[in-house]
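Residue numbers (my numbering): 371 to 804.
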């Protein structure tokens, strides 16, 4: 079965019912979509996301509250950027939230704080969306996820587990600021059962490519956590047997993450902790071999490479040798795991596999599949129970309509999921099949 090793599942499930702005190539087109949605909006917030100013033709257009006010003056509008690191608000939204006067664009912590205060839906709304999302995930062969949504996610998964309505396995991350609270409890990572377990502590080192806040070696970008702070976190997490998942986009952030893991290795390597760097989108070439040398996994999203190609070429000109360096990481011996980062990209493992093999420096199909099946199971410490079809392993599997390892490359686009099984139970399209 496929594992999506980096997904914001509750947010993705909910976003499927909201206004989507992906693919808009100008501010004008974006505002047209917003105006149409606002005209039919019911009472309450108009929520959505997927916009990226870098896709608006490079004409310097920026999201402002005035632009939103012109097309949606009465309904409060809150629109997350494609990378989920910025929030675009109109005046009605700012007034309803009693927020300080601003340009209407909040970034990083300011955006996350606003979202946590004003935009988290009810548990019932989330659960309705998640149940439908599980059906969609099953239809795409997903049997397990590593979920990176906020602290609100764990109670949702716990409720589904109590109801025995979980149809995929969840490895749930927790925010790094929960470390002190976890220290008062007598359990560590992997606490749970076969369907729901606690995963790593998540920490942000920098921003994103789309927001222009990725931390680069030249000093540009935004540093959200210093190397010294990260080292302290890694040591504290190791004492509780928690691995750490580090969000690092720019080559500066990735250097800091690798340096911190190296400086603290005496605290975590003896415990067998399996740390990970999330995204690793831009690497200095000399840092690529360090992943394997330290035993730190590169948790990447193959679908980001084609989606970000044009923007990365503009923003990281002269540095592209280390951008989305999946082939180089693999050849250097790194453990490569693949996710979608949905709702940033679509939750679709086969689309990720195609993105990995249809590149100038491609992975082989077998390698991309290993990154989507075997390696995520290793990262959660379950390599002897999941990820392979072997006697004694959990019966998680996906049936495809053809063999992606042997079919002609041009047929990869046509490979379809026939059926999906989790724990010996069919969760999508049980046999007999036509």
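Here a beta-carbon is modelled for each residue, glycine too, at the ideal position from N, C-alpha and C. Owing to the predicted nature of the structure, the values given are computational and were not obtained by experimental measurement.
Nearest to residue 427 by alpha-carbon distance, out of 543, 548, 414 and 681, is 681.
Cβ-Cβ distances below 6 Å link residue 378 to 518 and 519 in the same chain, with the five nearest sequence neighbours on each side left out; the list follows chain order.
Contact between residue 568 and residue 562 is confirmed by a C-beta separation of about 6 Å, below the 8 Å threshold. Between the region 682-695 and the region 629-647 there are fewer than three inter-stretch CB-CB distances shorter than 8 Å, so the stretches are not counted as touching. For secondary structure counted as the alpha helix (DSSP H) over 4 or more consecutive residues, the region 610-645 holds these complete runs in sequence order: 621-633 and 635-638.
Here residue 416 is bridged, per DSSP, to 447. For the pair residue 491 and residue 775, the Cα-to-Cα distance works out to about 42 Å. By the neighbour-count criterion, in which 16 or more other beta carbons inside 10 Å mark a residue as buried, residue 419 falls on the buried side. Cβ contact annotation for residue 786 (same chain, cutoff 6 Å, sequence separation greater than five): 771, in chain order. Judged by beta-carbon spacing, residue 538 lies within the 8 Å limit of residue 792, meaning their Cβ atoms are closer than that value.
Excluding five sequence positions before and after residue 693, the CB atoms of its chain that fall closer than 7 Å to its own CB belong to 651, 652, 682 and 686, given in chain order. Looking from the CA of residue 457, the closest CA among 730, 480 and 635 belongs to 480. Under a 10 Å Cβ-count criterion, residue 574 is classified as buried, with 16 or more other Cβ atoms of the shown protein chains found around its own Cβ. The region 572-589 makes contact with the region 604-619, as at least three CB pairs between them are under 8 Å. Annotation: residue 758 to residue 589 spans about 43 Å, alpha carbon to alpha carbon. Taking all protein chains shown into account, residue 387 has fewer than 16 neighbouring C-beta atoms within 10 Å of its C-beta and is therefore exposed.
In the three-state scheme derived from DSSP, where H, G and I count as helix and E and B as strand, residue 526 is classed as helix. With a beta-carbon spacing of about 6 Å, residue 527 and residue 542 fall inside the 8 Å limit used to define contacts. By DSSP's assignment, residue 649 forms a beta bridge with 618. The alpha-carbon separation between residue 744 and residue 783 amounts to approximately 22 Å. Excluding sequence positions up to five before and after residue 632, its CB lies within less than 8 Å of the CB of 660 and 664, all in the same chain and listed in chain order. For residue 542, the uninterrupted beta strand (DSSP E) segment begins and ends at 539-545.
Sequence-distant partners of residue 749 (beyond 5 residues in either direction) whose C-beta falls short of 6 Å from its own C-beta, in its chain, are 644, 667 and 707.
Non-local beta-carbon contacts of residue 719 in its own chain, meaning distances under 7 Å to residues more than five positions away in sequence, involve 372, 374, 510, 511, 512 and 742 in chain order.
Annotated as proximal: residue 389 and residue 417, with beta-carbon spacing under 8 Å. DSSP places residue 725 in the uninterrupted alpha helix (DSSP H) bounded by 719-727.
Rounded to whole angstroms, the Cβ separation of residue 622 and residue 586 is 5 Å, and the two are in contact under 8 Å.
CA-CA distance, residue 534 to residue 669, rounds to 29 Å. Take the alpha-carbon of residue 434 and the one of residue 704: they are about 42 Å apart.
Within a 10 Å sphere around the beta-carbon of residue 444 sit fewer than 16 other beta-carbons, which makes this residue exposed. Looking from the CA of residue 437, the closest CA among 795, 397, 451 and 610 belongs to 397. Annotation: the continuous beta strand (DSSP E) that includes residue 374 extends over 372-377. Short of 7 Å from the beta carbon of residue 478, and not among the five residues preceding or following it, lie these beta carbons of its own chain, in chain order: 455, 577, 583, 592 and 594. Nearest neighbour of residue 540 by Cα position, chosen from 395, 746, 460 and 551, turns out to be 746. Looking at the DSSP output, residue 421 bridges to 451.
Straight-line spacing of the CA atoms in residue 715 and residue 376 works out to 11 Å.
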